[in-house]
Each structure stands twice: as C-alpha cells, then as structure tokens.
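Peer 1: Sharing a structure here in structure tokens format.
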Amino acid sequence: MEKEKGQRLSSNGVPSFDMSCTFAEQFTAWLKGSGGGCKSDRQAQQLISKCLKFLKFCSEDEDHLTLDIVDFCLCSPNLLFKFFDSMQSEWQLGHAGRIGYLDAIAELVTYSKVNGASEAVLSGLSTTDTYLKKMRKTVSKMMRLQWTSDLDIDVLEAKGHWATMDELLGVVSRYLPRYEAVLRTCKDTPVQHIQPTQTASPFDLSFATKFLAVYLFIQVKGSRPMTYQYLTVDMVPTAKTNGGFVDQKMFKTAGKYGFDSLLLTDTNMSVLEGYITYIRPLLKPKCEYVLVTRNGVQHNKLGELMSKLVFEATGKYVHPTRYRQIVETSSCKVLQSADQSAISEDQKHSSNVAKVHYRKQRSREVATKARECLEKLHGDSGTKLDKEDVERFWRGEEKLVSLDDLFPVFHFVVIRARIPHLGSEIHFIDDMVDAHVHVGEQGHMFTTLK
C-alpha cells in the first residue's frame, strides 16, 4: 500500500473478518445499547470495521471468528505491538488514524471484560488496556509535536493551503454576478414547465448550490458542514419570527455544545429565500433540506463544494475547517482574548492551527522582551562591545581575497580605463577599494576595504 504525495491514504483494502458474522452483530448491538455508550449506526460500524481488521491481522489463518480467537488476540501484547507498527509502516496511517484504531480496540477490550471473561483472560485484558493507554498517549504526543511544523502558517502558505480573509471574501464577490444571472434565469422558468422549456442548465443549478454553500460558510459563519447540511426549508421563515436565529441541533460536536446557532441578517435570508423559491424547485427535491444535489437528495459533501469554488477563484485549497482556522488565527490580530474565545466557541471548533500560531507569536513576544531586558543588564559595556564588533568586522580589518573574488571589481576598473566617457558613473569603485592593491607572494591580491 503506497501513499502518493498529497493523497489521503485509506485502510479499506486491509483484510478483515465479515461484518455480518455473529460476533460482529453482537458487538454492534452492545455498542448501540446503553452499555456501549448508545453509539449511532455510523459510529458503531466504524468501530466494528476497525476491530475486525485488527482481529484478522492477529489471526490471519482463521476463517471464522469466535470468542476464543477474540480473547487470544486481545491478550497477546506482541500481536498488538505488531499491529501498531503495521499501521504506521505498511498502512502509513497518520496519527489521528492510529488513535482511531486504538480507541476501537479499547472498546473491544471493554466489551470482552463485561462479557463474562475468565480470570486469566481478565488479567490479560487489564495488561492490554494498560498498553493501549500508553500507546495512545505516545501517539497523541507525536501528533502535537507534528502540529508545530505541519500546522505552522508559513508551511501552509507554502503548500497553498492558506488564504487571507480578503481573498476569501473576494470569492463571494467574484461569483455573485453569475449567481444572480442563474437566479434571474430560474425566475423566468415556471416550475410546472421544467421540461422541456427549462433554460437553466444542470451545471448552472449545481453552481448555484455550490455558491450558496460557500456564501453561508463565509458570510454567515464558518460553522461545521453538518450545520448547513441539515438546514431545512422550514428553518428559514421561522428565523424571521425568532430574531434571525436558527438553532441547529445536528452537527458534529453537538454532544459538547448542544446547539449551533446561526444569526441570519435580512440579506442572508433574502439570499436563502431566492434559492429556496426559484432554484431549489428545479432540482426536484426529495427531502426537506435546503441544499440538495442534482438528484434532489440531501447534499452531504459541502466541504468539497467550498474547496472547489475557492480553488477556482484563488488557486488555494481552503476547506471549511481551514476557514475556521483562518478566522481564529486572524482574530488574534484585531480582537481581545475574550473575543477570540467567543469566535472559537461560536464556530464550535478549537483550532490547532490557531494554537500553534498563538504559541509562535507568544514566543516572539517573549524573545523581544527578553532581548530588551538583556540589553538593560549589559548596560553601557554591552553597547560599547557591539560598536567594537561592528567596526572590527566591517571597517578596519585587512581581508585576504582571491583573484576570483576580486574579478568583478577589476572588471569595472578595466572598463573605466578603456572607456573614458563613463567618467563619474563608477566612482563608487574608489569608495569601496583602496588604490593600493598588490599581489602577494602566494599569488593572492590584498585589498583594504574602507
């Protein structure tokens, strides 16, 4: 499994036990129940998929998964270490991916403990649990260390993964006339006569959806994609009677924050109403959500929509998460600390890029302040020493220079000698090189710099 540059690697091709086996079904039921944390279907499937790959790695010669095989795999630290190394060396998973597997195996250990394991197995599971915590702590430390280099703004800018607020606002300004043209076309197309008199092409309708998604991210707020993905048609008119607020409950970090409130201005609601009234019906929607695909179903890739449109306009890769990082990082230049915290909480996101940037800025501030303090400690003696160093290195010393080093100077001297009319245009040579230039015994030229 090779990883190309810029490609996000997947472990989908890794051998695994069948997801429909008896053990997998029992584990799924436990994860979705109160004992396993009431996981959603998607969360349960992701955890089981990782666990089955781990179990297959440890028992690759087995065709059928049994509880004895599960206990054997979980109570073998050497197999756990080999699996951990394979994730990094063979699968080339990142730090976050490896933490995901370690968390899934930890869930499997918990399930085995409460499933009536023997004393010997329980002892082995306790040892494995200790190793898992240690390995997770190690990977987390490695991930934080990598943030310092990978999430530094200078590095992101060099990769074309960073943009200024003005550049992002320019994306909306650039494509607004085209969106207005599509909207006018859709207004002239009666809904009951979509075919064959429809003049707005499917590409125009897709562009309108793409533009609206980018508009919401940039002009309303850089929220998580699920906030807009689960925005329903009924929420917009309700916001008019609710002070412009839309209190979204469906988003990634809902368990931590509970609500993600959008505050829509009159302009925001006008843009949304135009799309809902004239553009969305032409897509023949089959759901209640505002943003739909050309097939009329809920759009679940809003991050890709933003990335594509921003790249077309700026040539830079900026997805919703990167935009939230840009907002939080930019806030440190114009906002107070309390206001920065409000921005982070409102976006339901805490940016590691912003944390790295704050640390770098703080380090520079401390270095500047410490330099000033050090100069105070040095006093007049330090100032005098600095002046002597400048004079020593730049003014009064004779320097040994090779012929090659002096060639450009002599080249201009020869030109002046052969072309008298250059006159004063190159008098700077006399200011740089003393007239007393001679060749030493070793074949080097000596010159005194003024």
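Letter by letter, the sequence shown follows residues 1 to 450 of UniProt numbering. By construction, the Cβ of each residue, glycine as well, lies at the ideal position given by its N, Cα and C atoms. These numbers come from a predicted model, not from an experiment.
#1: Can at least three beta-carbon pairs, one atom from the stretch 289-308 and one from the stretch 228-238, be found at a separation below 8 Å?
#2: On the premise that A24 lies in contact with L52, defined as a C-beta separation below 8 Å, what is that separation, rounded to the nearest angstrom?
#3: Check whether the stretch 242-249 touches the stretch 258-272, taking contact to mean three or more Cβ pairs, one atom from each stretch, closer than 8 Å.
#4: If we require 3 or more residues per run, which beta strand (DSSP E) segments fall completely within the stretch 251-293?
#5: Among the residues of its own chain, which have a CB less than 8 Å from the CB of M19, if the five just before and after it don't count?
#6: Indicate the three-state DSSP secondary structure (helix, strand or coil) for L400 in the structure shown.
#7: Spatial neighbours of Q88 within its chain, please: CB distance less than 8 Å, with the 5 preceding and 5 following residues excluded, ordered by chain position.
#8: Looking at V172: is its Cβ nearer than 7 Å to the Cβ of Y215?
#9: Would you tell me roughly how many angstroms separate the C-alpha atoms of T185 and R178, rounded to the nearest one?
#10: Identify every residue that forms a DSSP beta bridge with residue 458.
#11: Decide if N295 is buried, meaning its Cβ has at least 16 other Cβ atoms within 10 Å, or exposed.
#12: Enumerate, from N- to C-terminal direction, the unbroken alpha helix (DSSP H) stretches of 4 or more residues contained entirely within the stretch 95-132.
#13: Provide the residue span of the alpha helix (DSSP H) that contains V70, from first to last.
#14: Using only the alpha-carbon positions, how far apart do V14 and L55 sit?
#15: For N242, count neighbouring C-beta atoms within 10 Å of its own C-beta (all shown protein chains included) and say buried if the count is 16 or more, exposed if not.
#16: What are the boundary residues of the alpha helix (DSSP H) that E180 is part of?
#17: Could you tell me the distance, in whole angstroms, from the CA atom of K316 to the CA atom of M165?
#18: Just the C-alpha distance for L31 and I279, rounded to the nearest angstrom, thanks.
#19: Quick one: what's got a C-beta closer than 8 Å to F428's C-beta in the same chain, skipping five residues either side?
#20: Under 8 Å Cβ to Cβ from S86, same chain only, skipping five residues before and after it: list those, please.
#21: At the level of alpha carbons, what is the spacing between C21 and A338?
#22: Using CA coordinates, which residue listed in V109, E273, S223 and A370 is at the minimum distance from I252?
#23: Compute the distance between the beta-carbons of L183 and T128, then report whether it is under 7 Å.
#24: Can you grab the Cα-Cα spacing for the pair L176 / M269, in whole Å?
#25: Taking DSSP as the reference, what is the three-state secondary structure of Q325?
Peer 2: In short, the structure shows the following:
#1: Judged by Cβ distances under 8 Å, the stretch 289-308 makes contact with the stretch 228-238, as three or more pairs qualify.
#2: Approximately 6 Å separates the beta-carbon atoms of L52 and A24; this is inside 8 Å, confirming the contact.
#3: At 8 Å Cβ cutoff, the stretches touch.
#4: Within the stretch 251-293, the complete beta strand (DSSP E) segments at least 3 residues long are 260-263, listed from N- to C-terminus.
#5: These residues qualify, in order along the chain: Q45, I48, S49 and L52.
#6: Caution applies to L400, whose pLDDT of 43 falls short of 50 and renders its modelled position unreliable; the model cannot decide the point.
#7: Around Q88: R98.
#8: Yes, they are a contact pair.
#9: Separation of T185 and R178 (C-alpha to C-alpha, rounded to the nearest whole angstrom) is 11 Å.
#10: Residue 458 lies beyond the range of the chain shown here (1 to 450); nothing can be said about it.
#11: Around the CB of N295, fewer than 16 other CB atoms lie within 10 Å, so the residue is classed as exposed.
#12: Listed in chain order, the complete alpha helix (DSSP H) runs (minimum 4 residues) inside the stretch 95-132 are 95-113.
#13: Per DSSP, V70 belongs to the alpha helix (DSSP H) from L67 to L74.
#14: For the pair V14 and L55, the Cα-to-Cα distance works out to about 11 Å.
#15: Per the 10 Å Cβ criterion, exposed.
#16: E180: member of the alpha helix (DSSP H) spanning M165 to K187, first to last residue.
#17: Looking at the two C-alpha atoms, the distance is approximately 13 Å.
#18: Distance between the alpha carbons of L31 and I279 is about 42 Å.
#19: Confidence at F428 is low in this model, with a pLDDT of 41, below 50, so the placement of that residue is unreliable and no value is reported for it.
#20: Closer than 8 Å at Cβ, skipping near neighbours: F57.
#21: Near 52 Å, if we compare the C-alpha coordinates of A338 and C21.
#22: According to the sequence as given, residue 252 is Lys; it is not Ile. Nearest C-alpha to K252: S223.
#23: With contacts defined by Cβ atoms closer than 7 Å, L183 and T128 do not form a contacting pair.
#24: Straight-line Cα distance between these residues: approximately 16 Å.
#25: Look at Q325 here: in three-state DSSP terms it is helix.
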